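Each remark here refers to the structure printed beneath this line.
The following block contains the structure:
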């Protein structure tokens, strides 16, 4: 969280309690499509917002006129730029599969499944980074390190796979429960007898 700057009132000289409110950094989006950072009192670009995401800064994007939350829209713009600019993360098939879940009764379950898998993968990545902290690698040292890490990586990947399997099982159970609630509805398996 970012704390707002404190100012002094002219009349009392005391610090304003209201300006010290804690919360995420607020970015305002204006009709001219420019983003304004209220913390630095300056205009910023999508590249600056991406940097904030990479640094783990808490922020929200608000429409300057309506105060509508536009954070997701801005994050999706960054993803679109990344997907069209370099090496895409999502294949065409993966994007098609994601799109198929919009409007489907299991949309919420799929969103939770993807989010939990992303978190599990991030945790795995952090554990690996902690284990390799402070090491400078040549190709030979990297090979030695990876061969020594094979049991550790197998354990970490095993944990990730087990967690992913559990999440998938939970999703299947919810899918089957929904099928029994909506028999004959397209997209749901018939109820087991």
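Residue numbers (the working numbering): 5 to 197.
Glycine is no exception: its CB is placed at the ideal position from the N, C-alpha and C atoms.
Keep in mind it's a predicted model, so treat the numbers as computed, not measured.
- prompt: For the alpha helix (DSSP H) that residue 55 lies in, which residues bound it at each end?
  reply: Start and end: 50-58.
task: Specify, as a first and last residue, the run of the beta strand (DSSP E) that residue 33 falls within.
output: Residues 29-33.
task: Give the DSSP-derived three-state secondary structure of residue 39 in the structure shown.
output: The answer is strand: DSSP assigns residue 39 an E or B state.
- request: Name the residue from 113, 129, 94 and 76 whose alpha carbon lies nearest to the alpha carbon of residue 57.
  value: Of the listed residues, the one whose Cα sits closest to residue 57 is 76.
Residue 51 versus residue 37 - alpha carbon distance: Rounded to whole angstroms, the gap between the alpha carbons of residue 51 and residue 37 is 14 Å.
task: Can you say whether residue 78 is buried or exposed, counting buried as having 16 or more other CB atoms within 10 angstroms of its CB?
output: Around the beta carbon of residue 78, 16 or more other beta carbons sit within 10 angstroms, so the residue counts as buried.
task: Return the bridge partner residues of residue 65 from the DSSP annotation.
output: Paired residue(s): 31.
message: Output needed for residue 2: all residues of its chain with C-beta closer than 8 Å, excluding positions within five of it in sequence on either side, in chain order.
response: Lying before the first or after the last residue shown, residue 2 is absent from the chain, which here runs from 5 to 197.
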